[in-house]
């Protein structure tokens, strides 16, 4: 749930999504859901020559299960806050 | 209300219904069709579906018709910009002409991927991808 929240705070930021089929897409993060499916707008495919089928695609929806990495804009992620939140989440889980 | 819509699967796909979409499947197939329905697992219904194959600067289409795609096989759903589509510098050729080239490309890619995952697993200490439950 924590990572879902992190992604929610990153909406309207530029991210790069690397898929397990080695496709890398950069675009504006428009939405994310509980499965970490990602909606990107105004996309640009890295190495477009190798992926000619993506030339006419403007916006896309990526299934969370096929994402390998997401490159986040470092200036919009407070890692200290994230660390604290992670600790808090694990301690509340242990208490339960 | 509008602020609640984006953070669900249905919110993300809502404005794609009745539009021409590109669906990429895990086996690498590219399907073009009109999105008619979907659910929270990204199960999709495509109407007037065609499979497109590519090689070099050519593509070819094969008619599939009405298709229901199980969500686990979906990699990406792309909204096709109809204006941009006209500017794509690819030419359409007959499916039978392109198919042998495409098959060769697929075989090449398969061999490359196998070699790569072997190096990553045996020499670089990576775990194997695509196992049961990995989802790809």
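Chains as they are written, first to last, in this note's numbering: chain A, -13 to 82; chain B, 10 to 145. For glycine and all other residues, C-beta sits at the position ideal for the given N, C-alpha and C.
Query	Result
From 64/A, 11/A, 5/A and -3/A, residue whose alpha carbon lies closest to that of residue 32/A	11/A
Identified DSSP bridge partners for residue 12/A	2/A and 30/A
Stretch-stretch touch, CB-based, cutoff 8 Å, three pairs: the segment 96 to 103 of chain B with the segment 61 to 68 of chain B	yes
Beta-carbon proximity of residue 73/B to residue 60/B, cut-off 8 Å	yes
For residue 49/A, the nearest candidate out of 22/B, 133/B, 113/B and 138/B (CA to CA)	22/B
Short-range partners of chain A found in the segment 19 to 31 of chain B, where Cβ spacing is below 8 Å	20, 21, 22, 25 and 31
Test: residue 40/A CB closer than 8 Å to a CB of chain B	yes
Spatially closest choice to residue 17/A from -1/A, -12/A and 43/A, by CA coordinates	-1/A
Simplified DSSP assignment, three categories, for residue 64/A	coil
The segment 49 to 62 of chain A / the segment -7 to 9 of chain A touching (three or more Cβ pairs under 8 Å)	yes
Straight-line gap, residue 62/B to residue 39/A (C-alpha atoms, nearest Å)	9 Å
Inter-stretch contact (C-beta, 8 Å, three-pair minimum) for the segment 111 to 131 of chain B and the segment 88 to 95 of chain B	no
Alpha helix (DSSP H) segment containing residue 136/B, residue limits	Counting along the chain, residue 136/B falls outside any alpha helix (DSSP H), and DSSP gives it neither H nor E.
Neighbour-count burial assignment, residue 42/A, 16 or more Cβ in a 10 Å radius	buried
Start-to-end residues for the alpha helix (DSSP H) that takes in residue 94/B	91 to 96
Residue 132/B: contacting residues in chain A (beta-carbon distance under 9 Å)	By Cβ distance, chain A contributes nothing, its closest Cβ being about 19 Å from residue 132/B, past 9 Å.
Beta-carbon separation (whole angstroms), residue 6/A vs residue 138/B, contact threshold 8 Å	6 Å
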